[in-house]
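K.L.:
Here's a structure for you.
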Amino acid sequence: MNKFLTLSLPVLLLSTAMPAWAQPAAREKKYFQLLEKTFDEQQAYNTVWFVEQRWRLAGNSGFNESIYHVEKILQQAGFVNETNGEQTARLTYRIEKRPMKRVTWEPVDASLYIVGEKEPVLQFKTNCNMIAMYSAATPEGGVTAELVYAGKGSAKELEGKDLTGKIVMAETGIGGVYGNAIKGGALGALAYSMPGYNQPTKNTHSIQFQGIGYTDSLHQKWGILLSYAAKERLKAALAKGTVTVKVVVNTKIYTADELTLVANVRGKTKPHERFVFSAHVQEPGANDNASGVGALAEMARTTALLVKKNKVVPQRTLTFLWGDEIVSTRRYIVDDSVRAKGIKWGLSLDMVGEDIQKTGGTFLIEKMPDPSAIWTRGNEKHSEWGGSPLTEADMFPHYFNDLLLNRCLFEAAKTGWTVRTNPFEGGSDHTPFLNAKIPGLLMWHFTDVFYHTDADRLDMVSPAEMKHVAKSALATAFLLTTADDKTAASLIDDITRNALQRLQIEFELSKKAVQSGSV
């Protein structure tokens, strides 16, 4: 019956009648009850608190401190450091360390002033995203120079302007204007660029993080990212005449090792088969993705406790992975072809802690490339993050979509939690699984008005939301890693209902389309 748990079921979904004993209930309810008692959302929240205080980029001190913090949680939960691979014990972990091919970067402090005005335009302590990633430090004491406004900052707009020793400001992404300004002899660049879903005219002090290209330690300059309020203040000053600004930037750029933390709960009878969770550590926000780090750390602790008490006995291995987004997950898959063959399911936790009343971000399961990513209609909608239409050749239908969704809906029915889905869009740790033809899903929230901004702080995180996500994710993993023939039969019956419901919806949509003459 292994095939029922590793392959899609296009025929069985429509033709197999399940006996009464196969109705899903008892085991699933048992897992949810155990998780409700054992998963400690305050512990998860405490980890978010620790991680979100640190500006995290692979290799920098904030990233590494976050990895080592989770390591302590694992040690306290009973995970032991591998000495003989994953066979050392039932609960093991390792920290993989690799020299980075590129330098890492971290911000320390910054400020932006209009000369002659007392109040700063921006300060790092209140806008931690104001320094473009990979900016070099200014000389001690900063630089003072005339500000030149350059529209969108294109090469054509800057052509013929004397930029030597000046600072360029543009309303565009920092990358382009920085390159053009530095070529013209500018000291640095200021840039404003905020997506509409961030509602910048309402959240006037938010800044989305961005970066500039790195050249070398001798020629690297700096870029400052502006909030809507800062941009408007500078433009108002420029409308009155010449403006001189003072910029102070303090950053660190250095060689480093990249860390990846891998924890395993070894399966009892089929350890080579595994369910892999991943949560990326880099990115400086609380929800993105300190919430994923915190939720997954508590999920690992919870699993260890239940396994040690024999409340859950996984027959297949459960893997928990923390690292650099996409990079660490892809490497985990491609670096070991034998291990990769045993990965049956991958699940990414990204932005899982949203307080939806504050952020506006609804919980979503991003599905695998199923028909909704090709023929998007009815209640199927892409998020504002955006997705490109796929072709039939891209389709990767799989029961994993509905299996996870049903577990989430079970939690929602008990708690009133809001659960929705979106067609495949990509961009997080689920994509390496899919690229390797491994079933992979994403649990996340969108549209978040504070997405990628320095307003994504701890007060935007809900411990209860993390618990909903974690319970549903772990119940799914427990079902699959303990699955037997009876479980497989129950899941087939479960997913049959989903298929029939979806066919009925498609029938009604097609009927309306024909009646309206739109096809």
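Under this note's numbering, the first residue of the sequence shown is numbered 1, with each subsequent residue one higher.
Beta carbons are placed, not taken as given, at the ideal position from N, Cα and C, and that holds for glycine.
In this structure, how does DSSP classify Gly285 when only helix, strand and coil are distinguished?
P.N.:
strand
K.L.:
Under a Cβ-count criterion, where at least 16 other Cβ atoms within 10 Å of its own Cβ denotes burial, should Phe507 be classed as buried or exposed?
P.N.:
When all chains shown are included, Phe507 counts as exposed.
K.L.:
Short of 6 Å in beta carbon distance, which residues of its chain neighbour Leu218, apart from the five on each side in sequence? Order them along the chain.
P.N.:
none
K.L.:
Sort Lys30, Thr359, Ala230, Ala237 by Cα distance to Ala455 and report the nearest one.
P.N.:
Thr359
K.L.:
Could you tell me the alpha carbon to alpha carbon distance between Phe275 and Trp105, rounded to whole angstroms?
P.N.:
33 Å
K.L.:
Within 8 Å, do at least three Cβ pairs link the stretch 459-477 to the stretch 294-305?
P.N.:
A contact is defined here as three or more CB-CB pairs under 8 Å, and the stretch 294-305 meets this definition with respect to the stretch 459-477.
K.L.:
Using the beta-carbon count (16 or more within 10 Å), is Glu52 buried or exposed?
P.N.:
buried
K.L.:
Going by DSSP in three states, Glu159 sits in which element: helix, strand or coil?
P.N.:
coil
K.L.:
Does the Cβ of Pro389 have 16 or more other Cβ atoms within 10 Å, making it buried, or fewer, making it exposed?
P.N.:
Within 10 angstroms of the beta-carbon of Pro389 lie fewer than 16 other beta-carbons, which makes it exposed.
K.L.:
State the CB to CB distance for the pair Glu380 and Pro423, rounded to an integer number of angstroms; the pair is presumed to be in contact (CB under 8 Å).
P.N.:
6 Å
K.L.:
Among Lys183, Lys309, Leu57, Thr83, which residue has its Cα nearest to the Cα of Met133?
P.N.:
Selected option, being the one with the closest Cα: Leu57.
K.L.:
What residues in its chain sit with their C-beta under 8 Å from that of Gln340, if we drop five residues either side in the sequence?
P.N.:
Note that residue 340 corresponds to Ala in the displayed sequence, not to Gln. Counting only residues of its own chain and dropping the five nearest sequence neighbours on each side, Ala340 has a CB closer than 8 Å to the CB of Ile333, Val334, Ala436, Ile438.
K.L.:
My understanding is that Val177 touches Ala150, with C-beta atoms under 8 Å, so please give their C-beta distance in whole angstroms.
P.N.:
At roughly 7 Å, the Cβ-Cβ gap stays under 8 Å, so Val177 and Ala150 are in contact.
K.L.:
Do Asp429 and Ser348 have their C-beta atoms within less than 8 Å of each other?
P.N.:
yes
K.L.:
When the Cα atoms are used, what is the spatial distance from Lys235 to Asn64?
P.N.:
Approximately 40 Å between the Cα atoms of the pair.
K.L.:
Helix, strand or coil for Leu503? Go by DSSP, reduced to three states.
P.N.:
helix
K.L.:
Just list the beta strand (DSSP E) runs in the stretch 51-138, keeping only unbroken ones of 3 residues or longer that don't cross its boundaries, in chain order.
P.N.:
91-99, 104-114
K.L.:
Let me know the secondary structure DSSP gives Ser278 once reduced to three states.
P.N.:
strand
K.L.:
In the DSSP assignment, find the alpha helix (DSSP H) that holds Phe424 and state where it starts and stops.
P.N.:
Looking at the DSSP string, Phe424 is not in any alpha helix (DSSP H), and its letter there is neither H nor E.
K.L.:
Just the C-alpha distance for Leu91 and Gly386, rounded to the nearest angstrom, thanks.
P.N.:
Their Cα atoms are separated by approximately 39 Å.
K.L.:
Quick check: what's the CA-CA separation for Ala44 versus Leu458?
P.N.:
12 Å
K.L.:
Once DSSP output is grouped into helix, strand and coil, what is the label at Met466?
P.N.:
helix
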